[in-house]
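Residue numbers (the numbering used here), protein chains in the order written: chain A, -14 to 17; chain B, 12 to 326; chain C, 104 to 279. In this text, a Cβ means the ideal position worked out from N, Cα and C, and glycines have one as well.
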Amino acid sequence: LATSSIKHNTLCVASIVRYRQKYVTQILYAPL
Amino acid sequence: NREKLHVEQKLAIESIRKFLDSKTSYDVLPVSYRLIVLDTSLMVKKSLNVLLQNNIVSAPLWDSKTSKFAGLLTSSDFINVIQYYFSNPDKFELVDKLQLSGLKDIEKAIGAEPLDMASIHPSKPLFEACLKMLNSKSRRIPLIDKDEETHREIVVSVLTQYRILKFVALNCRETHFLKRPIGELNIISEQNVKKCRMTTPVIDVIQLLTQGGVSSIPIVDEEGVLINIYEAIDVLGLIKGGIYNDLSLSVGEALMRRSDDFEGVYTCTRNDKLSTIMDNIRKSRIHRFFVVDENGRLVGVMTLSDILKYILLGE
Amino acid sequence: SNEEDSTLSILPTSLPQIHRANMLAQGFPAASKISPLVNKKSKTRWHFGIRSHSYPLDVMGEIYIALKNLGAEWAKPSEEDLWTIRVRWRYDVLENSNAFNSEDGKKIPDLMKMVIQLFQIETNNYLVDFKFDGWESNYGDMTKRSNISEDEMSTFSAYPFLHLTAKLIMELAVNS
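Listed below in C-alpha cells is the structure:
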C-alpha cells in the first residue's frame, strides 16, 4: 500500500495491481 | 486523380475499421498507467482540487458502501452544480458541502438529462467500444471487469475518443491515405452551431453548452470571425476560483481564469485532409477543430466524435 | 506533402496571454481582478505504508485499538514476531440482499485478510506496511484462491483493500 500525505482533509491511498499483462496504479481519494 | 483519392480513402477507412475490430480496448492501455478513483463520500469541492492537481477532467466514482463503481465524474456534473446554484442562490451552504454522492440529486433538481454511462469489458473489440461511445453521446467509456474471486467490479480504465483516435494515428499507416478535403466528407457540423460574443454573460454560455449538448461554444466578433471558445472544462476554473458567485461575469472575463498552459484553439479549413488532422492528433492533445473560411470567419466545427463516426460508419 | 498544403493552425487570439492582453486593452471591468488558474501539478509524494516516529510498542498498541474499533479481528501474535499482525476483516457492503452470492450463484468471500507489519527504517523512524493477504469466506471453507496461483490471478479488485486500509489510516489519524 502507498499513501500520500493527508491534504485538505483528503486521504489518498494507492496500490499497484497487475491486470493481466499490464500494471495499473489504482489511486483512491477518500475524505478523512 | 479525384477518383484515385476516393478509392484510396475508401480502402484506407476499411483497413482502419478492420484494425479497430482486430484490437481490444485492453490493447489501447499502456503497459503501466495510473487510474485515479474518487470515493463518492468525497466533497465536490475537494474532488475539484484532486482533478486540477492531477491535471485530469474526469474520474470514475467508487461507492464504498456498495463496493461498486458509481459512474464517472465529468465537467457536466460541475455545470449542473453551477446551474443549480444560479437558480438557488440561497442554497450556498448546501452547494459548499455537497458530496459526490449528492450529484444525482442536483441533476434531478435542475431536470438535467443523466449522462448515459455505457461501459464495456476490456476484452471486447475496440470497434464495439467506439460504437457504444458514439451511441451514448459520451466522449469516454469506462472499461469494467470483475474480480475473479469476489466478483466485485473493477474499473480497469476509462477510454476516451481522443485516446482511441491517437491509437489509430499511431498504429495505422493508412491514415496517410485520407487525402480527400474534409469539406466533401459531410463531417463538419455547420448548421445551428451555437456561438456567443466576448461580452455574453458566462452563465448564458453555460446554458448554451447544456442546451446544445456540446462541450464548447465558439466566441465570434461582430463580423463572425472566430476569436476564442469557451469549453465545458473551463467551468472547473470558474468554480475553483469561487467566482461562480459572480456569474454575471462576461465569458471573456471568465476566460481570464484559463491557466497559461492552455494550448490554444485549433482551426482548419474545408480543404484540410484527415491525414493531416490525424497527424496533429498524434502529436498534440486536440479535442476539436473549428472550421473557418479564408477570412477567419466561423464555418463550423469538427469534433472527435465526428471524426470517429466517419471512420466507423462513414463512406 | 502533408504539411505544405495544410491550413491547420492555432488561433492566436485564443492563447491565454494574448486573450488577457486584449481583455485589458478593451477595458473589461473585472479583467484586472481575475488571475489565471495556477495548475500547480504538485507531484504527489508517495510513501510506502505510513511512517511513525512513536515508540514501536505504542505504534502497535494504536494499531490494535484502531483495528478493534473498526471491528476487525487478528491472530494472536507469536512471541518471536510481535511486529506483525495477521488481520481478518469482514468486508460487509450493502450489496443486494443475497450479498454473498454472485450472479453465478458462487459464494462471494467476504473476509479480507491483511498483514500489517512494523519496520524500522532508522533510529526513531518506523514504517507501518499493509499487505493484502487474500479472501476467506465466513463459512470456514478455504477461499477459492488456493486453486488460483498468483500468476493466473489476473483480475483483482484493489478497491476493498484500498477502502479498508483508508478506514484504518483515518482511524489512526483521528485517534492520534
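Within 7 Å (strictly less), CB to CB, does residue i reach chain B?
i, result
"T116 of chain C", "yes"
"V218 of chain C", "no"
"L(-14) of chain A", "no"
"T110 of chain C", "yes"
"T10 of chain A", "yes"
"T268 of chain C", "no"
"W186 of chain C", "no"
"L17 of chain A", "no"
"I113 of chain C", "yes"
"R191 of chain C", "no"
"L13 of chain A", "yes"
"I137 of chain C", "yes"
"S240 of chain C", "no"
"L140 of chain C", "yes"
"V196 of chain C", "yes"
"M273 of chain C", "no"
Could you tell me which residues DSSP puts in a beta bridge with residue i?
i, result
"C183 of chain B", "According to DSSP, which records beta bridges pairwise, C183 of chain B is partnered with nothing at all."
"N228 of chain C", "C:E225"
"I134 of chain C", "Note that residue 134 of chain C corresponds to Ala in the displayed sequence, not to Ile. Answer is none; A134 of chain C lacks a bridge partner."
"K102 of chain B", "DSSP output for K102 of chain B lists no bridge partner at all."
"V(-2) of chain A", "A:T(-12) and A:L13"
"E176 of chain C", "C:R191"
"H110 of chain B", "The amino acid at residue 110 of chain B is misidentified as His; the sequence shows Gln. Q110 of chain B pairs with B:M54."
"I153 of chain C", "C:V231"
"P85 of chain C", "The structure shown does not extend to residue 85 of chain C, since chain C is modelled only from 104 to 279, so the question has no answer here."
"L154 of chain B", "B:I131 and B:S168"
"G164 of chain C", "Answer by DSSP bridge pairing: none, since G164 of chain C is not bridged."
So what does DSSP say about residue i, is it helix, strand or coil?
i, result
"P115 of chain C", "helix"
"I(-9) of chain A", "strand"
"A140 of chain B", "helix"
"E118 of chain B", "helix"
"H266 of chain C", "helix"
"M217 of chain C", "strand"
"F259 of chain C", "coil"
"Q172 of chain B", "helix"
"S226 of chain B", "coil"
"G194 of chain B", "helix"
"T211 of chain B", "coil"
"R296 of chain B", "coil"
"G237 of chain C", "strand"
"K320 of chain B", "helix"
"E164 of chain B", "strand"
"I131 of chain B", "strand"
"P159 of chain C", "helix"
"R148 of chain C", "coil"
Closest Cβ-Cβ distance between residue i and chain A: below 7 Å?
i, result
"R248 of chain C", "Residue confidence is low: R248 of chain C scores 49 on pLDDT, short of 50, so the model does not pin down where it sits. No coordinate-derived value is stated."
"W177 of chain C", "no"
"G152 of chain C", "yes"
"I47 of chain B", "yes"
"S155 of chain C", "no"
"L59 of chain B", "no"
"S52 of chain B", "yes"
"S163 of chain C", "Ser is not the amino acid found at residue 163 of chain C; the sequence shown has Met there. Chain A contact via Cβ: absent."
"T226 of chain C", "no"
"L265 of chain C", "yes"
"N149 of chain C", "The residue asked about is misnamed: residue 149 of chain C is Trp in this sequence, not Asn. Interface residue, yes."
"S226 of chain B", "no"
"L181 of chain B", "no"
"F233 of chain C", "yes"
"V42 of chain B", "yes"
Please check the pair residue i and residue j, which I expect to be a contact at CB under 8 Å, by giving their CB distance rounded to whole angstroms.
i, j, result
"I228 of chain B", "L220 of chain B", "6 Å"
"I(-9) of chain A", "R45 of chain B", "In fact, because the Cβ distance is near 19 Å, the residues do not count as touching under 8 Å."
"S33 of chain B", "V196 of chain C", "Actually they do not touch by this definition, with Cβ atoms about 38 Å apart."
"S36 of chain B", "K190 of chain B", "Contact flag wrong, Cβ pair sits at about 29 Å."
"L214 of chain C", "R191 of chain C", "5 Å"
"P133 of chain B", "D158 of chain B", "With a Cβ gap of about 13 Å, P133 of chain B and D158 of chain B do not count as contacting."
"L170 of chain B", "L154 of chain B", "6 Å"
Any Cβ of chain D within less than 7 Å of the Cβ of residue i?
i, result
"N12 of chain B", "The chain labelled as chain D is not found among the protein chains of the depicted structure, namely A, B and C."
Of all Cβ atoms in chain C, is any one closer than 7 Å to the Cβ of residue i?
i, result
"N239 of chain B", "yes"
"D158 of chain B", "yes"
"V2 of chain A", "yes"
"I165 of chain B", "yes"
Quick one: is the Cβ of residue i within less than 6 Å of any heavy atom of the ligand GDP?
i, result
"I152 of chain B", "The ligand GDP is not among the ligands present in this structure, which contains no ligands whatsoever."
Q: Quick one: which unbroken beta strand (DSSP E) runs of 3-plus residues sit fully inside the region 228 to 293 of chain B? Chain order, please.
A: Complete beta strand (DSSP E) runs here, min 3: 237 to 242 and 276 to 279.
Q | 4 or more residues per run - each alpha helix (DSSP H) lying fully within the region 19 to 94 of chain B | A | Counting only runs of 4 or more, we get 36 to 39 and 55 to 64.
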